[in-house]
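Enquirer: Before we start, here is the structure in question, set down as structure tokens.
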Amino acid sequence: MPLVLHGLGVGLIMVPTILFVIASVRPHLGASAAAACLAVRYLGYTSSIGLQNFFKLFEHAQHREVFRDQLQSGNLIFEDYIQRESHRVLQHGLQYKEHAAGLKLISERVNIQSFVRYGMDYYELMSIISISILLLILISPSLKSMYKKLKKNQISPV
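Remember, the working numbering sits 175 above the position in the sequence shown when you count from 1.
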């Protein structure tokens with residue numbers, strides 16, 4: 176179902192964009208305009224995947240290190256938390272190396288929190304980029320004149 180919704184969203188965005196570009200060029204350049212639109216879509220997709228992987232590797236590691244810097248033996252909150260985790264592991268039946276198991280549970284929680292922070296940073300950047308592009312489109316006089324010109328022409332999907 177998520178892939179169907181994603182495909183529907185991409186179709187609702189890309190089809191009108193391609194029709195807009197094809198309608199704005201001379202008829203003999205229509206095929207080249209469609210190919211250019213598909214190339215831009217492909218480059219956008221691959222750069223998005225690359226940017227997402229970069230953020231996942233770099234930001235995730237950076238946030239994990241920041242969180243781990245806070246988890247030092249001198250931190251009283253951390254010491255109390257590890258004692259509670261060790262005691263909880265001991266109550267659930269692990270009677271050997273409960274302190275190491277508590278540290279492992281805390282490490283997993285740090286990984287989860289750093290992943291959440293990476294997601295927040297990534298989607299914040301994508302939102303800023305999207306809003307900037309929308310504002311650029313809204314204030315661009317050439318695009319406004321192109322829209323007025325296209326209103327006069329009938330856009331045909333053929």
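Every residue, glycine too, gets a C-beta built ideally from N, C-alpha and C.
Quick one, which of E254, Y271, M301, K327 has its alpha-carbon nearest S223's?
Expert: Taking the first residue of the sequence shown as position 1, residue 223 is located at position 48. The shortest Cα separation from S223 among E254, Y271, M301, K327 belongs to M301.
Enquirer: For M189, which residues in the same chain have their Cβ closer than 8 Å to its Cβ, ignoring the five residues on either side in sequence?
Expert: Start at 1 with the first residue of the sequence shown, and residue 189 comes out as number 14. Answer for M189: C212, R216, listed in chain order.
Enquirer: Looking at the structure shown, is Y271 part of a helix, part of a strand, or coil, going by DSSP?
Expert: Against the sequence shown, residue 271 aligns to sequence position 96. Coil.
Enquirer: Go ahead and pull the three-state DSSP assignment for G249.
Expert: Numbered from its first residue, the sequence shown carries residue 249 at position 74. The answer is coil: DSSP assigns G249 none of H, G, I, E or B.
Enquirer: Grouping DSSP H, G and I as helix and E and B as strand, with all else coil, what is S223?
Expert: Position 48 of the sequence shown, counting from 1, holds the residue named residue 223. Helix.
Enquirer: Quick check on S302: does DSSP put it in helix, strand or coil?
Expert: To locate residue 302, count along the sequence shown from 1; it is residue 127. If DSSP states are grouped into helix, strand and coil, S302 belongs with the helices.
Enquirer: Where Y256 and H238 are concerned, what is the direct C-alpha to C-alpha distance, given to the nearest angstrom?
Expert: Start at 1 with the first residue of the sequence shown, and residue 256 comes out as number 81. Start at 1 with the first residue of the sequence shown, and residue 238 comes out as number 63. Approximately 20 Å between the Cα atoms of the pair.
Enquirer: Give a yes or no on contact between the segment 260-272 and the segment 191-200, applying the rule of three or more CB pairs nearer than 8 Å.
Expert: no
Enquirer: Pick out whichever of Y271, I312, F253, H181 has its Cα sitting closest to the Cα of V285.
Expert: Working through the sequence shown from its first residue, we reach residue 285 at position 110. Taking only the C-alpha atoms, the option nearest V285 is F253.
Enquirer: Is Y293 buried or exposed, if buried means 16 or more other CB atoms sit within 10 Å of its CB?
Expert: Start at 1 with the first residue of the sequence shown, and residue 293 comes out as number 118. Flag for Y293 reads buried.
Enquirer: Hey, out of I287, L309, I304, whose CA is closest to H235's CA?
Expert: Position 60 of the sequence shown, counted from the first residue, corresponds to residue 235. Closest by alpha carbon: I287.
Enquirer: Do A208 and V196 come within 8 Å of each other at the CB atom, strictly closer than that value?
Expert: To locate residue 196, count along the sequence shown from 1; it is residue 21. To locate residue 208, count along the sequence shown from 1; it is residue 33. Cβ distance < 8 Å, so V196 and A208 count as in contact.
Enquirer: Suppose you measure from the CA of G205 to the CA of S199; what does that come to, to the nearest Å?
Expert: Taking the first residue of the sequence shown as position 1, residue 205 is located at position 30. Taking the first residue of the sequence shown as position 1, residue 199 is located at position 24. The alpha-carbon atoms of G205 and S199 are separated by roughly 9 Å.
Enquirer: Please classify F186 as buried or exposed, where buried requires at least 16 neighbouring CB atoms within 10 angstroms.
Expert: Locating residue 186 in the sequence shown gives position 11, counting from the first residue. A small correction: the amino acid at residue 186 is Gly; Phe does not occupy that position in the sequence shown. With fewer than 16 Cβ atoms within 10 Å of its Cβ, G186 is classed as exposed.
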